[in-house]
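Engineer: Please read through the structure below; I'll follow up with questions.
Residue numbers (mature numbering (1 follows the signal peptide of the UniProt record, and there is no 0)): -20 to -1, 1 to 514.
So this is what it looks like as structure tokens:
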């Protein structure tokens, strides 16, 4: 699948506007974080800190499928959480700080959840995640940026540094969470009363059996039992469907099609099509149509594929869409496999607006340059230990600063696909399978002006995303690039850079015994082919 096409080589100025225009002027609430790293400072009584350190000592056996549901959050209810970003400081007293994630709790560096005592950006719930097994440390951020640009409602992401009781815990990804309060903000709703929102927390749901065991009712409080009547109604409609026409009266078809396309393009191992996992179903009150929202993108762009699944991470970048539907998901059959006309149209829009090597290679370079000093800091020992690696019985870390440098540019091994090569490969596969012209896509992308969901809801005008191009570039030239060749950072030029040079083509040894750990944000896998992995 070789093909030559033009890619505009943009030489970035690493100045005050570190993040360029990929997510600029989209009306995102997180835009205030785009050129900064949020400093999150958490304080609570020292005896609680000692209890927290005991609670995070979780080994791999504790996150076996049979045991993971018995794990409980360790929660501190009287924490003071302070956000500092730019010249601003926000203090939230009497907030909740607790352990987060499921299978990821057996990693040396774990994640946490925050529930603030008052609104911040129209939200109260946030996550900080270590991205412990992602060598690039940007898969979550890049995935959410793409969704933000796509026109779909989505989680937003930023980068943060975490300090707990004056102890530096290192570098984390910071995101909001699909909660009723967040949706109230996103959709400009008057209240959350009568909201219908379900979260898929148990793996293996493909619309071919009762849905309730796989979901939680996100609108129910801790004391209430969930109401799954509406969920089972839409589950029955989907399970009996044969075509788009059957589903059009009940679901936002374009919303579902976009998410299926992203599922495939992201090479996601832990979303709807492959594992029936990590999504929300929301019944929109304006027209009573259902929407789907994805979350948790650490296992994307080939990362996280297991040996027991029978393929490698790199394989995932060469598989056509049909492979992803190996489970013959009735939803995918009705929306795509029985007639792909509408899916092809949606796919082309996505490739032009937010998923092609031209714009994503630039975005990756921007993120990489921006977070580089923080990653280096995260791998710098303090008193002989790396920051935040507090689970002393946890799985051994295989990521390094050198692997961070290399893994955006080339494949590290069979189970750690290079970010840029993966994107270039799946882009070519998508164009070939659906009869799209790569050159036409790239040329259209250069002048595309996507309108985000956030712009629509806030009534903001679409900005010309190329207006400020000269401010952000040192130079621009076109060259013919074979997208099947691995990117080589030695050939890249930068305006002003004194970063340490790492030869990304130098072989890097890595212990693979623990590196494909299935870091799960929420819940649970019952498939036998996963059992040996955990």
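C-beta: ideal position from N, C-alpha, C; glycine also. Since this is a predicted model, take the numbers as computed values, not measurements.
What does the alpha-carbon distance come out to for the pair residue 246 and residue 10?
Structural biologist: Within the chain shown, numbered from 1, the residue matching residue 246 stands at position 266. Within the chain shown, numbered from 1, the residue matching residue 10 stands at position 30. C-alpha separation (whole angstroms): 22 Å.
Engineer: For residue 394, collect the residues of the same chain with a Cβ closer than 7 Å to its Cβ; drop the 5 residues on either side in sequence, then sort them by chain order.
Structural biologist: In the chain shown, residue 394 corresponds to position 414, counting from 1. So the qualifying residues of the chain are 292, 293 and 294.
Engineer: Mapping the DSSP letters down to three states, classify residue 431 as helix, strand or coil.
Structural biologist: Mapped onto the chain shown, residue 431 falls at position 451. Coil, per DSSP.
Engineer: Can you tell me whether residue 170 is buried or exposed, with buried defined as 16 or more other CB within 10 angstroms of its CB?
Structural biologist: In the chain shown, residue 170 corresponds to position 190, counting from 1. Label assigned to residue 170: exposed.
Engineer: Applying the 10 Å Cβ sphere with the 16-neighbour rule, what's the burial state of residue 361?
Structural biologist: What you label residue 361 is simply residue 381 of the chain shown in a count that begins at 1. With fewer than 16 Cβ atoms within 10 Å of its Cβ, residue 361 is classed as exposed.
Engineer: Expressed to the nearest angstrom, what Euclidean distance is found between the alpha-carbon atoms of residue 108 and residue 23?
Structural biologist: For the purposes of this step, residue 108 is taken as the residue at position 128 of the chain shown. For the purposes of this step, residue 23 is taken as the residue at position 43 of the chain shown. Cα to Cα, residue 108 sits roughly 16 Å from residue 23.
Engineer: Tell me residue 264's beta-bridge partners as DSSP assigns them.
Structural biologist: Locating residue 264 in the chain shown gives position 284, counting from the first residue. Answer is 269.
Engineer: If you measure between the beta carbons of residue 8 and residue 128, is that distance less than 9 Å?
Structural biologist: Taking the first residue of the chain shown as position 1, residue 8 is located at position 28. Taking the first residue of the chain shown as position 1, residue 128 is located at position 148. Taking 9 Å as the Cβ cut-off, residue 8 and residue 128 qualify as a contacting pair.
Engineer: Mind checking who residue 393 pairs with in its DSSP beta bridge?
Structural biologist: Within the chain shown, numbered from 1, the residue matching residue 393 stands at position 413. Residue 393 is bridged to 396.
Engineer: If residue 76 sits next to residue 56, beta carbons under 8 Å apart, how far is it from one beta carbon to the other, in whole angstroms?
Structural biologist: Residue numbering aside, residue 76 sits at position 96 when the chain shown is read from its first letter. Residue numbering aside, residue 56 sits at position 76 when the chain shown is read from its first letter. About 7 Å separates the two Cβ atoms, so the contact holds.
Engineer: If I'm right that residue 271 touches residue 232 with Cβ under 8 Å, what's the distance once you round it to whole angstroms?
Structural biologist: Translated into the one-based positions of the chain shown, residue 271 becomes position 291. Translated into the one-based positions of the chain shown, residue 232 becomes position 252. That belief holds up - the Cβ atoms of residue 271 and residue 232 are roughly 5 Å apart, short of 8 Å.
Engineer: Residue 431 and residue 151 look like a contact to me (Cβ under 8 Å); what is the Cβ gap, rounded to whole Å?
Structural biologist: As a position in the chain shown, residue 431 is number 451, starting the count at 1. As a position in the chain shown, residue 151 is number 171, starting the count at 1. Contact flag wrong, Cβ pair sits at about 32 Å.
Engineer: At the level of alpha carbons, what is the spacing between residue 276 and residue 81?
Structural biologist: Indexing the chain shown from 1 puts residue 276 at position 296. Indexing the chain shown from 1 puts residue 81 at position 101. Their Cα atoms are separated by approximately 10 Å.
Engineer: Of the choices 16, 18 and 53, whose alpha-carbon is the least far from that of residue 31?
Structural biologist: Within the chain shown, residue 31 is the residue found at index 51, counting from 1. Ranking 16, 18 and 53 by Cα distance to residue 31 puts 53 first.
Engineer: How about residue 305 and residue 256: are their beta carbons less than 9 Å apart?
Structural biologist: Here the question's residue 305 lines up with position 325 in the chain shown. Here the question's residue 256 lines up with position 276 in the chain shown. Between residue 305 and residue 256, the gap from beta carbon to beta carbon reaches 9 Å or more.
Engineer: Spatial neighbours of residue 235 within its chain, please: C-beta separation below 6 Å, excluding the five flanking residues on both sides.
Structural biologist: Locating residue 235 in the chain shown gives position 255, where the first residue counts as 1. Correct list, in chain order: 271.
Engineer: Could you check whether the segment 329 to 338 touches the segment 416 to 433, counting it as contact only if at least three pairs of C-beta atoms, one from each stretch, sit closer than 8 Å?
Structural biologist: yes
Engineer: Under 9 Å, do residue 399 and residue 166 count as touching if we go by C-beta distance?
Structural biologist: For the purposes of this step, residue 399 is taken as the residue at position 419 of the chain shown. For the purposes of this step, residue 166 is taken as the residue at position 186 of the chain shown. Against a cut-off of 9 Å, the Cβ pair of residue 166 and residue 399 comes out as no contact.
Engineer: Could you pull the DSSP bridge partners for residue 369 from this structure?
Structural biologist: Counting from one through the chain shown, the residue named residue 369 turns up at place 389. Residue 369 pairs with 89.
Engineer: From residue 332 to residue 260, what does the alpha carbon distance come to, in whole angstroms?
Structural biologist: As a first step, residue 332 must be located in the chain shown, where it is residue number 352. As a first step, residue 260 must be located in the chain shown, where it is residue number 280. Going by the C-alpha atoms only, they are around 26 Å apart.
Engineer: So, residue 282 versus residue 386, is the Cβ gap smaller than 9 Å?
Structural biologist: As a first step, residue 282 must be located in the chain shown, where it is residue number 302. As a first step, residue 386 must be located in the chain shown, where it is residue number 406. Cβ distance not < 9 Å, so residue 282 and residue 386 don't count as in contact.
Engineer: Give the straight-line distance between the Cα atoms of residue 184 and residue 191, rounded to the nearest whole angstrom.
Structural biologist: Translated into positions along the chain shown, residue 184 becomes position 204. Translated into positions along the chain shown, residue 191 becomes position 211. Rounded to whole angstroms, residue 184 to residue 191 spans 10 Å at the Cα level.
Engineer: Please return the same chain residues whose Cβ sits closer than 7 Å to the Cβ of residue 470, not counting the five positions on each side in sequence.
Structural biologist: One-based indexing of the chain shown puts residue 470 at position 490. Confidence at residue 470 is low in this model, with a pLDDT of 41, below 50, so the placement of that residue should be treated as unreliable; the coordinate-derived value is given next. For residue 470, there are no CB contacts under 7 Å within the same chain when 5 residues up- and downstream are skipped.
Engineer: By a C-beta neighbour count over all protein chains shown, 10 Å radius and 16 as the cutoff for buried, is residue 265 buried or exposed?
Structural biologist: Locating residue 265 in the chain shown gives position 285, where the first residue counts as 1. By the beta-carbon neighbour count (other beta carbons within 10 angstroms, threshold 16), residue 265 is exposed.
Engineer: Output needed for residue 316: all residues of its chain with C-beta closer than 6 Å, excluding positions within five of it in sequence on either side, in chain order.
Structural biologist: Working through the chain shown from its first residue, we reach residue 316 at position 336. These residues qualify, in order along the chain: 323.
Engineer: What first and last residue would you give for the alpha helix (DSSP H) that runs through residue 241?
Structural biologist: As a position in the chain shown, residue 241 is number 261, starting the count at 1. From DSSP, the alpha helix (DSSP H) with residue 241 extends over 233 to 245.
Engineer: At which residue ranges does the segment 84 to 129 contain complete beta strand (DSSP E) runs of 3 or more residues, listed in the order of the chain?
Structural biologist: DSSP runs (the beta strand (DSSP E)) wholly in the segment 84 to 129: 91 to 100 and 103 to 109.
Engineer: Comparing alpha-carbon positions, which option in 343, 325, 65 and 278 lies nearest residue 241?
Structural biologist: Position 261 of the chain shown holds residue 241. Of the listed residues, the one whose Cα sits closest to residue 241 is 325.
Engineer: Would you say residue 155 and residue 138 are within 9 Å of each other, going by their C-beta atoms?
Structural biologist: Your numbering for residue 155 matches position 175 in the chain shown. Your numbering for residue 138 matches position 158 in the chain shown. Cβ distance < 9 Å, so residue 155 and residue 138 count as in contact.
Engineer: Residue ranges of each alpha helix (DSSP H) run of no fewer than 4 residues wholly in the segment 265 to 334, ordered along the chain?
Structural biologist: 301 to 304 and 321 to 333
Engineer: Cutting at 6 Å between CB atoms, please list the residues of its own chain near residue 374, excluding the five before and the five after it.
Structural biologist: Numbered from its first residue, the chain shown carries residue 374 at position 394. Excluding residues within five positions, the ones whose Cβ falls inside 6 Å are 86, 87 and 88.
Engineer: Just the C-alpha distance for residue 14 and residue 341, rounded to the nearest angstrom, thanks.
Structural biologist: By one-based count along the chain shown, residue 14 stands at place 34. By one-based count along the chain shown, residue 341 stands at place 361. Cα to Cα, residue 14 sits roughly 18 Å from residue 341.
Engineer: Looking at the structure shown, is residue 422 part of a helix, part of a strand, or coil, going by DSSP?
Structural biologist: As a position in the chain shown, residue 422 is number 442, starting the count at 1. DSSP places residue 422 in helix when its eight states are reduced to three.
Engineer: Under 9 Å between C-beta atoms, does residue 69 make it to chain B?
Structural biologist: No chain B is present in this structure, which holds just one protein chain.
Engineer: How many Å lie between residue 301 and residue 182 at the Cα?
Structural biologist: Against the chain shown, residue 301 aligns to sequence position 321. Against the chain shown, residue 182 aligns to sequence position 202. In a straight line, the C-alpha of residue 301 is about 24 Å away from that of residue 182.
Engineer: What is the rounded straight-line gap between the Cα of residue 438 and the Cα of residue 5?
Structural biologist: Position 458 of the chain shown, counting from 1, holds the residue named residue 438. Position 25 of the chain shown, counting from 1, holds the residue named residue 5. For residue 438 and residue 5, the distance between alpha carbons rounds to 12 Å.
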